[in-house]
Amino acid sequence: MTESSLLDAHSSEIDGEPYWYYEYLVRKSPTKTAQESNLYRHYVASTAERDGYLYSLNASTLNKQWNTMGPLLKKTVSSFRLLPPTENYVPPYKDPWRFW
């Protein structure tokens with residue numbers, strides 16, 4: 506296996522908004538406690554776009570814990586949604602520091 510591998514990638518449209526889902530593995534670097542580089546982290550993520558800006562939710566666990574944690578992480582990531590804009594919504598390109 507390479508340093509990182511894409512396991513799944515797909516898109517869907519929910520409430521008129523495009524969402525991209527992806528799942529991938531990344532090999533971890535050796536550490537003092539784990540001298541071998543055969544440890545992998547399993548990631549799932551979802552990304553949505555609004556007004557030219559990307560919003561993402563990422564979750565991960567060690568690959569050896571994937572059978573236990575994976576279904577919960579997938580459910581969490583697949584529930585990611587952008588809230589509908591309200592009348593007070595200001596796009597980030599108009600005031601990028603407003604969220605502070």
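Numbering-wise, the numbering used here comes out as the position in the sequence shown, counting from 1, plus 505. Cβ atoms here follow ideal geometry from the backbone N, Cα and C, with glycine treated the same way.
CB contact flag (residue i, residue j, <9 Å)
| i | j | result |
| --- | --- | --- |
| residue 578 | residue 565 | yes |
| residue 512 | residue 546 | no |
| residue 525 | residue 552 | yes |
| residue 598 | residue 558 | yes |
Expected contact under 8 Å - CB spacing of residue i and residue j to nearest Å
| i | j | result |
| --- | --- | --- |
| residue 561 | residue 529 | Wrong, their Cβ atoms sit about 13 Å apart, outside the cutoff. |
| residue 582 | residue 549 | 5 Å |
Selection from the options that minimises the alpha carbon distance to residue i
| i | options | result |
| --- | --- | --- |
| residue 556 | 589, 549, 515, 517 | 589 |
| residue 554 | 522, 591, 515, 592 | 522 |
| residue 519 | 585, 558, 598 | 585 |
| residue 569 | 515, 563, 533, 602 | 533 |
First and last residue of the uninterrupted alpha helix (DSSP H) at residue i
| i | result |
| --- | --- |
| residue 578 | 571-583 |
Element boundaries [beta strand (DSSP E), containing residue i]
| i | result |
| --- | --- |
| residue 546 | 545-555 |
| residue 531 | 522-532 |
| residue 563 | 558-567 |
| residue 511 | 509-519 |
Any non-hydrogen atom of the ligand FAD within 8 Å of residue i CB
| i | result |
| --- | --- |
| residue 591 | The model depicted lacks the ligand FAD and carries no ligand whatsoever. |
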